[in-house]
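Please read the structure below before turning to the comments.
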Amino acid sequence: MALQLMGGVAALAAWYALYSQLLPFSNWLTYDLFGLAPASHLGSAVQFFAYDTPKVLMLLLLVVFLVGILRSFVTVEWTRRALAGRRESAGNVLAALLGVVTPFCSCSAVPLFIGFMTAGVPLGVTLSFLISAPMVNEIALVLLYGLLGWKVAALYFATGIGVAVVAGWVLGRMRLEPYIEDWVRDIRAGEAAMADQRMTWTQRFAYALDSVKDIVGRVWKYVVLGIAAGAAIHGYVPEGYLAAIMGKATWWSVPLSVLIGVPMYTNAAGIIPVVEALLGKGAALGTVLAFMMSVIALSFPEMVILRKVLKPRLIAIFIAVVACGILLVGYLFNAII
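In terms of my numbering, the sequence shown has 144 at position 158, counting the first letter as 1, and numbering is strictly consecutive.
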């Protein structure tokens, strides 16, 4: 254990030393090696890409590894047992908070939904989890902190949890159980098939490394594409241009950003570099947060997957309630910030 701890400290020190040199390296690469002018559109875009790409990927590697260790304690099965039998309100809050640290991807939405329902978790509580898990995840929070600062990350966390809690509570009060697919409602609760496993620290480190390989291996392409889009916005969109389209004074910018975001298919790691560039060009914070939330929480592919367990009317109501919550967040932050 002591040897592993020393190795971890050494790796963290090496990570920090490399991370601290990314900005000087990107400037050298862009302006010295490539000979691009700092004031040019191309120079600005290339420097943004050369700096943000390794920065975001290094943040991803670190946070996924650390959260992988945390997730070795907080498994999906543990989450299901923690939520089983919980009453609404308190259950909505707990479900939204557990969604932040519980392993989740769109492909796991159906088995998680079935597992929660058969364990006696109320529908509204289950939906709070399914809203929070993709939207307020550790990758989103750490990247927001690394790129935009702790205030934006804290605002996103608080409002994301708020949308998940309130939307789940509202959906739970609407008594929508008849709109769950019949075959799901016919399943009877059973005992958990997975027994608790006591991991050694060696196993936890191995689990965290596997998480890095799996998650970073799946999202790095979206990260690079998102940064490329952000670089194009950063380099070629004039300063303040987006204020006319996505600014506070434009009342329709928030609903338009939500409508644009829903059919898009990406994840937090891919959309945050775009968010960074939009804010830098004059877009309002509330509008950008609404856009980001709609992309992550109401993605079209996830709705298609949930159609296996939810009838169309429930999916439509789910989208409408969550979208209203996101719109409220957008208008609120545009009004107060």
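Here a beta-carbon is modelled for each residue, glycine too, at the ideal position from N, C-alpha and C.
So what's Ile257 in DSSP terms, helix, strand or just coil? Taking the sequence shown and counting its residues from 1, the one referred to as residue 257 is at position 271. Helix, per DSSP.
Nearest-angstrom Cα distance between Val315 and Gly272? Position 329 of the sequence shown, counted from the start, is the residue given in the question as residue 315. Position 286 of the sequence shown, counted from the start, is the residue given in the question as residue 272. Cα-Cα distance, rounded: 7 Å.
Would you kindly check if the distance between the Cβ of Ala36 and the Cβ of Gly85 is under 9 Å? Locating residue 85 in the sequence shown gives position 99, where the first residue counts as 1. Locating residue 36 in the sequence shown gives position 50, where the first residue counts as 1. No, these two residues do not count as a Cβ contact at 9 Å.
How about Leu43 and Trp1: do their beta carbons lie closer than 9 Å? Numbered from its first residue, the sequence shown carries residue 43 at position 57. Numbered from its first residue, the sequence shown carries residue 1 at position 15. No; because the gap between Cβ atoms is not below 9 Å, this pair is not in contact.
From the DSSP output, in three-state form, read off Ile55 for me. Counted from its first residue, the sequence shown places residue 55 at position 69. If DSSP states are grouped into helix, strand and coil, Ile55 belongs with the helices.
Enclosing alpha helix (DSSP H) for Asn78 [first to last residue]: Locating residue 78 in the sequence shown gives position 92, where the first residue counts as 1. Its alpha helix (DSSP H) spans residues Ala76 to Val87.
So, at 6 Å on beta carbons, what are the nonlocal neighbours of Val324 in its own chain, with the 5 sequence-adjacent residues on each side left out? Missing from the structure shown is residue 324; the chain here goes from -13 to 323 and no further.
For Leu296, which residues does DSSP report across the bridge? As a working note, residue 296 is residue 310 in the sequence shown. According to DSSP, Leu296 bridges with Ile166.
Phe102 beta carbon less than 9 Å from that of Leu69: As a first step, residue 69 is located in the sequence shown; it is residue number 83 there, counting from the start. As a first step, residue 102 is located in the sequence shown; it is residue number 116 there, counting from the start. In this structure, Phe102 lies closer than 9 Å to Leu69 by Cβ.
Going by beta-carbon coordinates alone, are Ile303 and Leu292 separated by less than 9 Å? Position 317 of the sequence shown, counting from 1, holds the residue named residue 303. Position 306 of the sequence shown, counting from 1, holds the residue named residue 292. Contact flag unset, no.
Own chain, CB closer than 6 Å to Phe191, minus 5 neighbours either side, in chain order: Taking the sequence shown and counting its residues from 1, the one referred to as residue 191 is at position 205. Nothing listed; no residue qualifies.
Which residue's Cα is closest to the Cα of Leu113: Ile322, Ile312 and Leu296? Taking the sequence shown and counting its residues from 1, one reaches residue 113 at position 127. Nearest of Ile322, Ile312 and Leu296 to Leu113, Cα basis: Leu296.
Hey, is the segment 243 to 250 in contact with the segment 115 to 131, meaning 3+ C-beta pairs nearer than 8 Å? no
Mind reading off the beta-carbon distance from Tyr317 to Gly268? Whole number of angstroms is fine, and I expect it under 8 Å. Residue 317 sits at position 331 when you count from the first residue of the sequence shown. Residue 268 sits at position 282 when you count from the first residue of the sequence shown. So it is not a contact: roughly 18 Å between Cβ atoms.
Tell me the start and end of each unbroken alpha helix (DSSP H) in the segment 134 to 161 that is at least 4 residues and wholly inside, in chain order. 136 to 159
Which whole-angstrom value is the C-beta distance of Leu45 and Val111, which I expect to be below 8 Å? Within the sequence shown, numbered from 1, the residue matching residue 45 stands at position 59. Within the sequence shown, numbered from 1, the residue matching residue 111 stands at position 125. Wrong, their Cβ atoms sit about 32 Å apart, outside the cutoff.
Alpha carbon to alpha carbon, what distance is there between Ser26 and Val232? Against the sequence shown, residue 232 aligns to sequence position 246. Against the sequence shown, residue 26 aligns to sequence position 40. The amino acid at residue 232 is misidentified as Val; the sequence shows Met. Rounded to whole angstroms, Met232 to Ser26 spans 25 Å at the Cα level.
How many angstroms separate the CA atom of Val53 from the CA atom of Leu15? The residue you call residue 53 lines up with position 67 of the sequence shown. The residue you call residue 15 lines up with position 29 of the sequence shown. Spanning the two alpha carbons is a distance of roughly 33 Å.
Counting along the chain, where does the alpha helix (DSSP H) carrying Pro10 start and finish? As a working note, residue 10 is residue 24 in the sequence shown. It spans Leu8 to Asn13 - the alpha helix (DSSP H) in which Pro10 sits, taken as one unbroken run.
What are the boundary residues of the alpha helix (DSSP H) that Thr186 is part of? The residue you call residue 186 lines up with position 200 of the sequence shown. It is not in any alpha helix (DSSP H) - Thr186 carries neither H nor E in the DSSP assignment.
Less than 8 Å between the CB atoms is what I'm expecting for Val50 and Ser197, so what's the real figure, rounded? Taking the first residue of the sequence shown as 1, we reach residue 50 at position 64. Taking the first residue of the sequence shown as 1, we reach residue 197 at position 211. Confirmed, Cβ separation roughly 6 Å.
Per-residue DSSP class, three states only, for Tyr37: As a first step, residue 37 is located in the sequence shown; it is residue number 51 there, counting from the start. The answer is helix: DSSP assigns Tyr37 an H, G or I state.
Neighbourhood of Ser75 by C-beta distance below 6 Å, restricted to the same chain and skipping five residues each side: Reading the sequence shown from its first residue, position 89 is the one you call residue 75. Here the set comprises nothing.
Is the separation between the beta-carbon of Val240 and that of Leu134 shorter than 9 Å? The sequence position of residue 240 within the sequence shown is 254, counting from 1. The sequence position of residue 134 within the sequence shown is 148, counting from 1. Not closer than 9 Å, so no.
Determine the direct distance from the alpha carbon of Val122 to that of Gly203, and round the result to whole angstroms. Translated into positions along the sequence shown, residue 203 becomes position 217. Translated into positions along the sequence shown, residue 122 becomes position 136. Approximately 20 Å, taken between the alpha carbons.
Tell me the rounded alpha-carbon separation between Leu22 and Tyr222. Counting from one through the sequence shown, the residue named residue 22 turns up at place 36. Counting from one through the sequence shown, the residue named residue 222 turns up at place 236. Computed Cα separation, rounded: 15 Å.
Closest by CA to Cys310, which one among Leu4, Leu157 and Phe11? Here residue 310 corresponds to residue number 324 of the sequence shown, with the count starting at 1. The option with the nearest alpha carbon to Cys310 is Leu157.
Given a cut-off of 9 Å, decide if Gly216 and Ala263 are closer than it, judged by their beta-carbon atoms. Position 277 of the sequence shown holds residue 263. Position 230 of the sequence shown holds residue 216. Yes.
Which of the three DSSP states, helix, strand or coil, is assigned to Ile305? One-based indexing of the sequence shown puts residue 305 at position 319. Three-state DSSP puts Ile305 in a helix.
Which residues mark the beginning and the end of the alpha helix (DSSP H) in which Gly110 is found? In the sequence shown, counting from the first residue as 1, residue 110 sits at position 124. Taken as a continuous stretch (DSSP letters only), the alpha helix (DSSP H) holding Gly110 covers Leu109 to Met121.
Starting from the Cα of Leu265, find the closest Cα among Trp237, Val290, Leu242 and Pro224 and give me that residue. For this step, residue 265 is matched to residue 279 along the sequence shown. Checked all of Trp237, Val290, Leu242 and Pro224; the closest Cα to Leu265 is Pro224.
Note the first and the last residue of the continuous alpha helix (DSSP H) segment covering Met327. Absent from the model: residue 327. The displayed extent of the chain is -13 to 323, so no value can be given.
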